[in-house]
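Before any comments, here is the structure.
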Amino acid sequence: MRVRFRNEEGVGDMGLKAPGIVTFMVSVILTVIVLTSKFFGAEIPGLTGNESWALLASYAILMLGCMVRGM
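Below you can see the structure in the form of structure tokens.
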């Protein structure tokens, strides 16, 4: 998939790709842990009270996996 964007030099392309399996699985596992903690009341040290930040980190990992080659 190619995304076209405008910048000062004209129109540029940004190639997006599917993330690697390891990146995808890290993101999915972190998301499942956060949702388990939030909805089932599991107390996970370091995560309890910071669910929103951990979910944001999970999404950022997945997003970087789509944008950065070799991740």
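Letter 26 of the sequence shown, counting from 1, is numbered 49 in the numbering used here, and no numbers are missing.
Glycine included, C-beta positions come from ideal geometry on N, C-alpha and C.
* DSSP-derived helix/strand/coil call for glycine 38 -> strand
* **the stretch 50-61 touching the stretch 73-93, judged by at least three CB pairs closer than 8 Å** => yes
* To do: Would you check if the distance between the CB atom of serine 50 and the CB atom of leucine 85 is smaller than 7 Å?
  => yes
* How long is the line joining the alpha carbons of leucine 39 and methionine 90, rounded to whole angstroms? -> 6 Å
* Which ranges would you report for the alpha helix (DSSP H) in the stretch 40-73 if only whole runs of at least 4 residues count? -> 44-63
* Asked: So is proline 68 buried or exposed if we call it buried at 16+ other beta carbons inside 10 Å?
  -> exposed
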